[in-house]
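Under the working numbering, the letters of the sequence shown match residues 59 to 462, in that order.
We treat Cβ as the ideally placed atom computed from N, Cα and C, and that holds for glycine.
Computed from a prediction, not measured in an experiment: that's the story for all the values here.
Everything below concerns the one structure shown next.
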Amino acid sequence: MDPFIKLPPELIAKVLVYTADFSAVGSIISASPRVNTVFRAQPTIIRNLLLCDPIAILPEIQNMCHNISLIQTRSAEFPSVVDYQQRCENPPPIEYTEELSIFILHLAARTQRLACACLTLIQQNFVSALTGIPAGDISASDRVKIACEPFSFAEEYRVYSSLWHLQHYASLREAATERWHWDEISMHGLHAYNKWNDTDFRRAEKMWTTAALLSDLGLSPIYGHHPFQDQERFLAQDPEGEESSRAAWTFPEETPLPFFRSFDLPPGRDMTRSYSLIWTPPSPPPDTEVNKAWALRAESRPWLPRHVGEFRRASTLASLERVPCSYHFVAFKRWRRLGLVIWDAWRVYRLGLFEGVPRRPGEVIPTPEGGHLTVIPDDPGEREQQLLRVNYVSRWLALIGESK
C-alpha cells in the first residue's frame, strides 16, 4: 500500500521540499504513485527544492540549470553561438511545467549521484596512496583518518560545479551539431566555452579532473586538443580525443571541454546504487576571517586551493624549457585521480602536504580548529631555515611512488 495515499497534497509537497535531496525525492516519486501525481500537479516543487540545496541555489548553478533546460526544449532554436549567448545574458523567468520539472529533477539527481561517485572515488584513491606513508610527526593512520573526514563545502562545490559545466557544454554541443547545425565559426566559439563563461583557464583543471574521474567510473569522454598544444613545449604528444597529460592551466582558453555523449553510469560501475554512498552537500561555513584565510567560505568558491601553486609553477617552468621541481608534477594524469585540485587547503595542510596559506613575517593566521599557523620569523636567516625544514615535493611524490 502507498504510505502517502491518505496525505493531503500540501503536506506531501512540504515533505518533498524538506527532504532537500534530489536523489531521495526521485526515489520517493518512483515508489509512490500518489507522490508522483502531486509532484506533477505542482511543478514549482522543483523550484523550492533547488532553493533548499546549498549548491543548486548559487546563481551560476541556477543559470546552468536554466540553460540546460532551455536547450532541451525542442522548440528552442539558436542559429549561432552569439544568439545563444545573448539569450543566456538575459534569460526569461523559468515557467515550471510538468515536463520541465521532471527533467530538472532527473538532471539534479543525476548530478548528485555523479558528484558522490567522483568524491568517493578520489577519497578511495587518496586513502590508498596515503596508507603506510607518514609525514613527519603525522602518522600514516592519522593521515588516513583526515582523508576520510566528510567533504567540505569547497571540495563538493568543485566537483558539482564541474559536473554542471560538463553537462551544459555537452547539451549545447549536441544541440548545435544535431539540431541547429551551427557553422564553423559558431562551433569554434562554442569550443571556447571557458572564455565566454568567465571560467579562468587557471581554474579550469577541476573540470578535466572531474572528467577523468567520470572516465574511470565507466563513462567515455572525448577530448579535444587545441592545435597550439601539438607543440611538445606546451603539451606531451597526446593523441587527439584522449586525456591530456598536462594540467588545464597550460591550455589555451579556446581548448574545448571534455565532451560526453552520455552521463549515465554503467550499472556495474554505479557505486551510488548503495544509498549510503549518496548524500547531500553541506552548507557553506560562515563568512569568518578563518574561513576566508583558508578559502572555505562560499565567496572563495571560484578559486583553486593554494597547494596547487607548486604544480602550476612546475608547468610554467617546463613550458619555458626550464627544469621544474619535478617533471612528475607536470605529468598530471595521476594527480587527477588523487583529486589534487579538489581537496581544500586545510585538509591538505593537516596531511602534511602544504605549509599553510601564505603569510607575512609576524602575521598570525588562524586555523579552523582554533589554533594558528607557525608565525614566520622577521629575521631572514631564521625565516629561510624554517622554510627549508620540510620537503613538500618529496611528500607529494611519495603518494605516487616516485622519489624525484
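DSSP beta-bridge partners of residue i
i, result
"Phe211", "Answer is none; Phe211 lacks a bridge partner."
"Ala193", "Ile196"
"Pro424", "His430"
"Phe317", "Ile280"
"Gly299", "Tyr281"
Residue from the options whose Cα sits closest to the Cα of residue i
i, options, result
"Gln100", "Pro316, Glu156, Leu172", "Glu156"
"Gln144", "Arg168, Asn125, Ile180", "Asn125"
"Ala71", "Asn106, Ser85, Ser81", "Asn106"
"Ser90", "Leu65, Gly247, Tyr76, Cys176", "Leu65"
"Pro314", "Arg231, Arg395, Trp238, Arg260", "Arg231"
"Arg319", "Ala403, Leu224, His365", "Leu224"
"Lys253", "Glu312, Pro363, Glu379, Val185", "Glu312"
"Asp274", "Leu323, Phe309, Glu368", "Leu323"
"Trp238", "Pro137, Arg201, Tyr227", "Pro137"
Straight-line Cα distance separating residue j from residue i
i, j, result
"Leu293", "Met245", "In this predicted model, Leu293 has a pLDDT of only 47, less than 50, meaning its place in the structure is not dependable; the value taken from the coordinates is given anyway. Using only the alpha carbons, I get a separation of about 23 angstroms."
"Cys176", "Asp437", "45 angstroms"
"Thr95", "Ala78", "19 angstroms"
"Glu135", "Cys146", "13 angstroms"
"Arg168", "Glu421", "45 angstroms"
"Arg418", "Trp361", "21 angstroms"
"Val217", "Trp393", "15 angstroms"
"Arg371", "Ser133", "48 angstroms"
"Ala306", "Val73", "43 angstroms"
"Ala212", "Asn349", "11 angstroms"
"Leu396", "Ile113", "23 angstroms"
"Ala233", "Leu248", "11 angstroms"
"Phe412", "Glu368", "10 angstroms"
"Val93", "Leu108", "18 angstroms"
"Tyr142", "Leu128", "10 angstroms"
Classification of residue i by the beta-carbon crowding that lies within 10 angstroms, buried from 16 upward
i, result
"Pro316", "buried"
"Ser210", "buried"
"Ala173", "buried"
"Met265", "buried"
"Ala198", "exposed"
"Met59", "exposed"
"Arg380", "exposed"
"Asn449", "exposed"
"Gly410", "buried"
"Asp111", "buried"
"Pro363", "buried"
- Task: Decide yes or no for the touch test of the stretch 400-414 against the stretch 347-354: beta carbon pairs closer than 8 angstroms, at least 3 of them.
- Result: yes
- Can at least three beta-carbon pairs, one atom from the stretch 334-342 and one from the stretch 378-393, be found at a separation below 8 angstroms? no
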